[in-house]
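Enquirer: For what it's worth, UniProt numbering labels the leading residue of the sequence shown as 1, then goes sequentially.
Note that CB positions come from ideal geometry on N, CA and C, so glycine has one too.
First the structure, then my questions, so here it is.
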Amino acid sequence: MTTPDLPRLIAFYRDVVGFELTYRFPDEGAPEFVALRLGSSELGLAANPEAGEPADSHRWELCVYADDCDAAVGALRTGGATVTEEPVDQPWGERSARVTDPDGNRLLVLSRL
1 MTTPDLPRLI AFYRDVVGFE LTYRFPDEGA PEFVALRLGS SELGLAANPE
51 AGEPADSHRW ELCVYADDCD AAVGALRTGG ATVTEEPVDQ PWGERSARVT
101 DPDGNRLLVL SRL
């Protein structure tokens, strides 16, 4: 994923979502690329000052499992995400909500009931 504000998006995914920074290039100065890990999932973020909001047809949705969907959505909202679908119990045994990160990328937040 590319972003015009890499430091802000790194902070969002690290501090709000809980990803761990595992790789940074270059080692010093303004980062151009980072890799983040959450459990066994990895996310790559690259700086692109000209990156705009992705077209809806090219969007992806990151699925994030949380111990408590409602608490995770609250933290995401406080951290700058926009909640597009509030948490709701699903008939298949999960609670889910949808949010968008500060760059307009979608996250599906889930927890098991």
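Using three-state DSSP, classify Ala46 as helix, strand or coil.
Expert: In the structure shown, Ala46 sits in a strand (DSSP, three-state: E or B).
Enquirer: I believe Ser111 touches Asp68 by the beta-carbon criterion, under 8 Å. Please report the beta-carbon distance rounded to the nearest angstrom.
Expert: That belief holds up - the Cβ atoms of Ser111 and Asp68 are roughly 6 Å apart, short of 8 Å.
Enquirer: For Ala35, I'd like the list of residues in its chain whose CB is within less than 7 Å of its CB, leaving aside the five on either flank, ordered along the chain.
Expert: Within the same chain, Ala35 has close Cβ partners Thr22, Tyr23, Glu42 and Gly44.
Enquirer: Tell me which residues share the same chain as Thr2 and place their Cβ nearer than 8 Å to its Cβ, disregarding the 5 neighbours each side in the sequence.
Expert: Within the same chain, Thr2 has close Cβ partners Leu45, Ala46, Ala47, Asn48 and Ala51.
Enquirer: Tell me, to the nearest whole angstrom, how far the beta carbon of Arg8 is from that of Glu61; I am working on the premise that it is less than 8 Å.
Expert: Not really, about 20 Å apart at Cβ, beyond 8 Å.
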